[in-house]
Amino acid sequence: MNYEIVCGIETHVELATKTKIFCGCTTEFGGEPNTHCCPVCTGQPGSLPILNQKVVEYAIKAGLALNCKINTKSHMDRKNYVYPDLPKAYQISQYDEPLCEKGYIELDSGKRIGITRIHIEEDAGKLIHDKGHTYIDYNRSGVPLIEIVSEPDISSAEEAREFAEKLQLTMRYISISDCKMQEGSMRCDVNLSLRKPGDPNFGVRTETKNINSLSFIQKAVMAEAERQADILDAGGTIVQQTMRYDEGTNSVTPMRDKENSDDYRYFPDPDILRFCIDDEKVEEIRASLPELPFDKLKRYINVLGLSEATARQIIKYKKVAEFFEGALAEGASVKNAANLIVGTIFSNMDTEEEKELFDIRISASQFAALVKLADEKKINIGVAQSTLQKMLESGKSVDEFIKPEDLVGISDEELESLCKEAIDANPKAVADIRGGKDKAINMLFGYIMKKTGGKADIRKAEALLRKLMG
Amino acid sequence: MAVTKTEIEKLAKLAKLSFSDDELERFTAEFDAIIEFADTINQSIEGGTEQIRSVGARMVSFEALRPDEVAPSLPNDKILSNVEGYNGFFSVERSKK
Amino acid sequence: MRTGIAELASKLRKREISAVELTKTYINNIEKLNPTLNAYVHLTFDIALKTAEQADQMLKEDDAPLLCGIPMALKDNICTDGLPTTCCSKILDGFKPYYDATVWEKLRAQGAILLGKTNMDEFAMGSTSETSCYGAPLNPINTAYVTGGSSGGSAAVVCADLAVYSLGSDTGGSIRQPASFCGVVGLKPTYGAVSRYGLIAYGSSLDQIGPLTTSVKDAAIVFDAIKGCDKRDQTSVDHDYGVSLAEYLDRDVKGMRIGVAEEFFDGINPEIKSQIMEAIALFEKNGAIIENIRLPALKIALPVYYIIACAEASSNLGRYDGIRYGHRASSYTSIEDMIVKTRSEGFGDEVKRRIMLGTYVLSSGYYDAYYKKACLIREEINREFDAVFEKCDVLIAPTAPNTAFPLNYKGASPVEIYLSDICTVPVNIAGIPAISIPCGEDSKGLPIGMQIIGRKFDEPTVLQMANFYEQNSGIKAGVYEGGARA
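Chains as they are written, first to last, in our numbering: chain A, 483 to 952; chain B, 173 to 269; chain C, 2 to 487.
What follows is the structure, encoded as structure tokens:
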């Protein structure tokens, strides 16, 4: 039986502020247990929360980047439940007045996935279970989060993955989070139900957690959709519950849920004043946003003329895009800069992580200087590539490797006489060429390159050779 | 009775409290009276449709919120000073006789 | 008249007595009387003597603060770094915060000498201080009677001269009512005038810390020292009072408009009513204008208070689970079981009742009918007070509909006890300031308290009116015969 997938994704993003949402403790990752704590984030009696301005700013940035409407008046609510990692026995969150609402992310197909709301809240501590004990570290307690809830507009596993990928890229571009799923700074839960095509009603939905990468999102959606389809096909009903995705077995199983059907008894937190922001300030924040990834993609393709494949590779990493644009600003040509980045620089980076970090030893300026030499045909691409390699390894500028003398071009007369020389010195190759084996021209190229130390312009040489050979 | 024993048991579960059977009997009766007392507000003005957004009319502007500057955290031994920690962690045995 | 802060301060500077000697006198009397009165639950004599030595050094300087070297007490729900703070509850047995409440930080910096933490109703929930896990404090005026609550110990120590002044907390009357039962002065400041950081929370939108003293001037001096905006408490307000309130207490009451609302007097003890009327007559004789006003929402203020306070409390008390501080159950089958057992063992009956009520009024299905409705009515009450203060400068009302109850009064059901808060609770709902001052006694010799209520941040007027009454009525906080000094 064919079913329609109705899927929404709830994403928690850890904000990269310096301090926690309600106290001045550092949000730095790592640290010995319970060393980034104070009375506020450990829920000591008598402590009170003080809201961090940057958290509100970052949440608004997220909302603007996702095309949301910003609520200029907002407040915090208490979500009450008991669990050892929650020091106050309530999480300060937002219930009915989220900071941002009604936005969207556009997929490549043009389909828009709605963003219902974005709200701010605090993270809980970390639990570690041992044979007979539970250990608790509150370093993470109070780290600021935004929760981004999508509309159930996602209809396939691929769309789910694409949505999450675009969300991640956007959050990284506006620099509010590094959004690393494996490290927990971005956590996605998948809400999924099935229905028969054409049925306007929603089926019973489940929530699936413990998904630790973009590709697992795709796999989890498929696994859960299959699981539900099997049940429905057999005439059963779906139980509304929280599920857990297991990477090892690529399966989805019910989770012994700590929250059950808890009644959270939301009410406005009396310790935190309602806060407001004026429209001018929101516009100021909007103006401070960088060019967003998909606008950049369109510009690279339509204005700069890059191929879609190359453009996608460059925009995928904000630092790479900035590096690329930095080089262009110094006069480097689009084509050569892009090709050298994608060809040479990326080939030096094996992992995604390296590409994200883009921790290379040369600046955009130094790169631009090299690219311009190739642009001006003072060196050819082969030389550019090998020089770039040396620059990356040493961190030194192009002048260390290419002396001005090297740049003295081969004059046209010199080239012509060299071509004649090549023809004379390689009669067999010439004969082969005339006989149809065009590849033999490489022998002549090789001769010229050797004589010029690789500096000859091969295209010019080719034209001359062909003319000379008739 | 305005509030049933089942409802009290549900509340107790949410509040993480337990009552013996005797206590539950006594408590249900007292609680009933308290709810009747609380109910007197329903004889008063009609409830509005507005949501409660905050306590009181005071608002704080975005500019007046706390700046994102790190303040020193407290040392681990202070944080754990009211319990017996374990290697810097808070520690709870999962069951104990 | 008991020796007030200013007079003691002068004696200390003239070296008529040293801070150490003064402290030792108080220590001796606490050792003599506290075993009976049970007003203190934790004693801090070692620290007191050390601080007194430091105070004596500070007093050598010209600019030593007024409160330097003056022995005092704090209610057991105010956090003191390294010293027991238990809210008189088993669940916080052994708890020593590693941080100070802002009010204590301020007083400590001025050289205040802490003699100990005072007895209270568990988690400040009660009107008699009998729900304390340490047993009830006794009313020094007559030890067969309660001190009132929840700041019963704070009122008793001031009454019995076991401290020059004390701090209490007031959520629904917990400073004013025990002050009235023990015949001392108690001030509840405007909500937000004093920082709540370090006050163990009960009803977050209602709680305020305030002084209990033997004179209005002393209340003003202590309020001056503890008030002020605190960046650790977002609900504290940056209000500029301009001047030190203790220096501007004298005021001619001619032309002052005093509001008297009949709703406050509904069903109160006739002896109390007549004393308050006599007090009002004194103001009128001196030129004040008496306005008869109506506050119809007052009748509904009590259930509104209990719904809001208990809702907030049920959330505030969720954190007591034995994991990070306090009592932890010693046998259990799972962590959840540990938490349930810890809380069931650690909390007393009244606390449990209020947590359950709070949980109920916030729970889905009941939120609209109870919590949300109570909040809407709260706004209505605030509007009524705003309207009344257009016509009046202050209101005068009884502090309580009765004088002190006998100890272990078995007759009262929980709801009956709640009803005795009728005069004090509306003030917390509106967040306005009020003082209770002694204005006589009943036929049993038990003190009667009168409330003077003002506009937000108008403590100056409230204190001035109270001061006028104190100076002109001849009624002062009693000298307790068994006390330290006459």
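The beta carbon of each residue, even a glycine, is placed where N, CA and C say it ideally should be.
Nearest-angstrom Cα separation, counted from residue j out to residue i
{"i": "Leu-589 (chain A)", "j": "Lys-949 (chain A)", "result": "52 Å"}
{"i": "Pro-212 (chain C)", "j": "Pro-427 (chain C)", "result": "20 Å"}
{"i": "Ile-713 (chain A)", "j": "Arg-738 (chain A)", "result": "20 Å"}
{"i": "Thr-4 (chain C)", "j": "Ala-247 (chain C)", "result": "16 Å"}
{"i": "Gln-535 (chain A)", "j": "Val-522 (chain A)", "result": "17 Å"}
{"i": "Ile-884 (chain A)", "j": "Thr-598 (chain A)", "result": "56 Å"}
{"i": "Asp-225 (chain C)", "j": "Ser-245 (chain C)", "result": "6 Å"}
{"i": "Gly-935 (chain A)", "j": "Pro-909 (chain A)", "result": "22 Å"}
{"i": "Glu-629 (chain A)", "j": "Leu-870 (chain A)", "result": "43 Å"}
{"i": "Glu-54 (chain C)", "j": "Glu-22 (chain C)", "result": "10 Å"}
{"i": "Ser-332 (chain C)", "j": "Ser-263 (chain B)", "result": "15 Å"}
{"i": "Gly-666 (chain A)", "j": "Gly-512 (chain A)", "result": "12 Å"}
{"i": "Leu-779 (chain A)", "j": "Ala-642 (chain A)", "result": "21 Å"}
{"i": "Leu-568 (chain A)", "j": "Thr-178 (chain B)", "result": "28 Å"}
{"i": "Ile-905 (chain A)", "j": "Leu-897 (chain A)", "result": "12 Å"}
{"i": "Asn-683 (chain A)", "j": "Glu-689 (chain A)", "result": "18 Å"}
{"i": "Met-173 (chain B)", "j": "Met-357 (chain C)", "result": "Any reading at Met-173 (chain B) must be qualified, since the residue scores a pLDDT of 49, below 50, and its modelled position is unreliable; the value itself is stated next. Each residue's alpha carbon lies about 17 Å from the other."}
{"i": "Arg-747 (chain A)", "j": "Ser-421 (chain C)", "result": "29 Å"}
{"i": "Gln-700 (chain A)", "j": "Met-483 (chain A)", "result": "21 Å"}
{"i": "Gly-592 (chain A)", "j": "Leu-786 (chain A)", "result": "22 Å"}
{"i": "Arg-177 (chain C)", "j": "Pro-515 (chain A)", "result": "45 Å"}
{"i": "Glu-944 (chain A)", "j": "Tyr-929 (chain A)", "result": "12 Å"}
{"i": "Ile-602 (chain A)", "j": "Ala-791 (chain A)", "result": "36 Å"}
Reference residue i, options the options, closest by Cα
{"i": "Lys-445 (chain C)", "options": "C:Gly-173, C:Asn-270, C:Thr-37 and C:Gly-204", "result": "C:Asn-270"}
{"i": "Val-158 (chain C)", "options": "C:Gly-174, C:Thr-172 and C:Gly-187", "result": "C:Gly-187"}
{"i": "Lys-353 (chain C)", "options": "B:Glu-202, B:Tyr-258 and B:Ser-253", "result": "B:Glu-202"}
{"i": "Val-242 (chain B)", "options": "A:Thr-554, A:Cys-519 and A:Glu-486", "result": "A:Cys-519"}
{"i": "Ser-128 (chain C)", "options": "C:Pro-448, C:Val-165, C:Ala-102 and C:Asp-171", "result": "C:Asp-171"}
{"i": "Gln-209 (chain C)", "options": "C:Ala-164, C:Ala-220, C:Ala-478 and C:Pro-434", "result": "C:Pro-434"}
{"i": "Met-704 (chain A)", "options": "A:Phe-684, A:Pro-682, A:Leu-676 and A:Thr-719", "result": "A:Leu-676"}
{"i": "Lys-411 (chain C)", "options": "C:Leu-93, C:Asp-77 and C:Val-147", "result": "C:Val-147"}
{"i": "Gly-117 (chain C)", "options": "C:Leu-139, C:Gln-111, C:Phe-124 and C:Gly-169", "result": "C:Gly-169"}
{"i": "Asp-77 (chain C)", "options": "C:Ala-431, C:Pro-141, C:Asp-122 and C:Leu-50", "result": "C:Asp-122"}
{"i": "Glu-131 (chain C)", "options": "C:Ala-113, C:Asp-251, C:Pro-179 and C:Ala-478", "result": "C:Pro-179"}
Chain-order list of residues whose beta-carbon lies under 7 Å from that of residue i (same chain, five-residue window excluded)
{"i": "Ala-485 (chain C)", "result": "In this predicted model, Ala-485 (chain C) has a pLDDT of only 36, less than 50, meaning its place in the structure is not dependable; the value taken from the coordinates is given anyway. Around Ala-485 (chain C): Thr-26, Tyr-27, Asn-30 and Asp-162."}
{"i": "Gly-288 (chain C)", "result": "Val-254, Lys-255 and Gly-256"}
{"i": "Met-931 (chain A)", "result": "Ala-938"}
{"i": "Gly-204 (chain C)", "result": "Thr-172, Ile-309, Ala-310, Glu-313 and Ala-314"}
Contacts around residue i, its chain only, beta-carbon distance under 6 Å, and the 5 residues preceding and following it disregarded
{"i": "Arg-355 (chain C)", "result": "Met-126, Cys-311 and Ala-314"}
{"i": "Tyr-782 (chain A)", "result": "Leu-788 and Ala-793"}
Opposing strand residues paired with residue i [DSSP bridges]
{"i": "Met-231 (chain B)", "result": "A:Arg-756"}
{"i": "Glu-265 (chain B)", "result": "A:His-615"}
{"i": "Ala-262 (chain C)", "result": "C:Ile-294"}
{"i": "Ile-542 (chain A)", "result": "Bridge partners of Ile-542 (chain A): none, in fact."}
{"i": "Arg-594 (chain A)", "result": "A:Glu-588"}
{"i": "Thr-652 (chain A)", "result": "None, per the DSSP bridge assignment."}
{"i": "Ser-437 (chain C)", "result": "C:Gly-187 and C:Gln-452"}
{"i": "Tyr-146 (chain C)", "result": "C:Pro-407"}
{"i": "Ile-79 (chain C)", "result": "C:Leu-200"}
{"i": "Glu-629 (chain A)", "result": "A:His-494 and A:His-601"}
Close-in-space but distant-in-sequence residues of the same chain around residue i (CB under 8 Å, 5 per side omitted)
{"i": "Asp-211 (chain B)", "result": "Ala-174"}
{"i": "Lys-91 (chain C)", "result": "Cys-134, His-328, Glu-346, Gly-347, Phe-348 and Gly-349"}
Closer than 9 Å, Cβ to Cβ, to anything on chain B: give me those residues from the segment 231-251 of chain C, in chain order.
Lys-232, Gln-235, Thr-236 and Val-238
Going along the segment 236-262 of chain B in order, which residues come within less than 7 Å of chain A, judged by CB to CB distance?
Leu-237, Arg-238, Pro-239, Asp-240, Glu-241, Val-242, Ala-243, Ser-245, Leu-246, Asn-248, Ile-251, Leu-252, Tyr-258, Gly-260, Phe-261 and Phe-262
Anything in the segment 199-211 of chain B with a Cβ closer than 9 Å to a Cβ of chain C? List those residues in chain order, please.
Phe-199, Glu-202, Phe-203, Ala-205, Ile-206, Ile-207, Glu-208, Phe-209, Ala-210 and Asp-211
Please identify, using Cβ separations under 8 Å, the residues of the segment 530-563 of chain A that lie next to chain C, in order along the chain.
Leu-530, Pro-531, Ile-532, Leu-533, Arg-560 and Asn-562
Below 7 Å between beta carbons is the criterion; list the residues of the segment 288-305 of chain C that meet it against any residue of chain B, in chain order.
Ile-301, Pro-304 and Val-305
What are the residues of the segment 745-756 of chain A that lie near chain B, defined by any Cβ-Cβ distance shorter than 8 Å?
Asp-745, Arg-747, Phe-749, Pro-750, Pro-752, Leu-755 and Arg-756
Which of the residues in the segment 510-524 of chain A, read from start to end, lie with their CB under 8 Å from any CB of chain B?
Glu-514, Pro-515, Asn-516, Thr-517, His-518, Cys-519, Cys-520, Pro-521 and Thr-524
For the segment 356-388 of chain C, which residues have a CB atom closer than 8 Å to at least one CB atom of chain A, in sequence order?
Thr-360, Leu-363, Ser-364, Ser-365, Tyr-368 and Tyr-372
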